[in-house]
Amino acid sequence: MTNEGAFYTSHSPPSDERALDPGEEPRTAGREPLTAGAKSGAGDRAEEACRLAELHRLREEVAQLRQALDSRPVIDQARGVIMASGRCGPEAAWQVLVDTSQRTNTKLREVARLLTRATHQEPLPEWLRSAVSASCARASRAARRNGTGG
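The sequence shown begins at 48 in the working numbering and counts up by one.
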């Protein structure tokens, strides 16, 4: 049974946890839909606009989370490269990546990609080599000041 063109009267999330097909609208179990012909007034249009805005926001969030999941392995590999070459721990290596990314205005995933590619495919660009070296030196100084080691 399909309710094409149906709009629901609640802003609560769908009760079923299944993934939606592209373009499929979420449904809320136990709610009686209002068919397009039964809708009336600006309130219904405003509610529909809110639902569409929320759907758009959620789709953007899903895309960002997928990108984060896809870039996580290369970021972890880059942390390992920094840990091995800088003789520092995982937290310090993470801080080096973040610091390098911020100071060079480069996405962290791009810094990580370039670092990992430099281990076997191509040389590290000079701008990145000097930025990582400076970040490692800053992290090392901070660790000595805090008494946490490298």
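Using N, Cα and C, we set each Cβ at its ideal position, and we do this for glycine too.
Option in the options with minimal Cα separation from residue i
| i | options | result |
| --- | --- | --- |
| Ile122 | Glu138, Ala110 and Glu108 | Glu138 |
| Ala115 | Asn152, Ala100, Gly136 and Ala159 | Ala159 |
| Arg176 | Ala189, Gly194 and Ser132 | Ser132 |
| Glu173 | Thr151, Ala189, Ala190 and Gly194 | Thr151 |
| Arg191 | Glu169, Cys135 and Gln149 | Cys135 |
Residue j beta carbon less than 7 Å from that of residue i
| i | j | result |
| --- | --- | --- |
| Thr147 | Ser182 | yes |
| Arg126 | Trp141 | yes |
| Thr166 | Val128 | yes |
Whole-Å CB distance - residue i paired with residue j, under 8 Å assumed
| i | j | result |
| --- | --- | --- |
| Val143 | Val109 | About 30 Å separates the two Cβ atoms, so there is no contact after all. |
| Leu162 | Leu155 | Incorrect: roughly 11 Å between the Cβ atoms, too far for contact. |
Residue i Cβ short of 6 Å to the ligand MN heavy atom set
| i | result |
| --- | --- |
| Ala159 | As for the ligand MN, it is missing from this structure, which has no ligand bound. |
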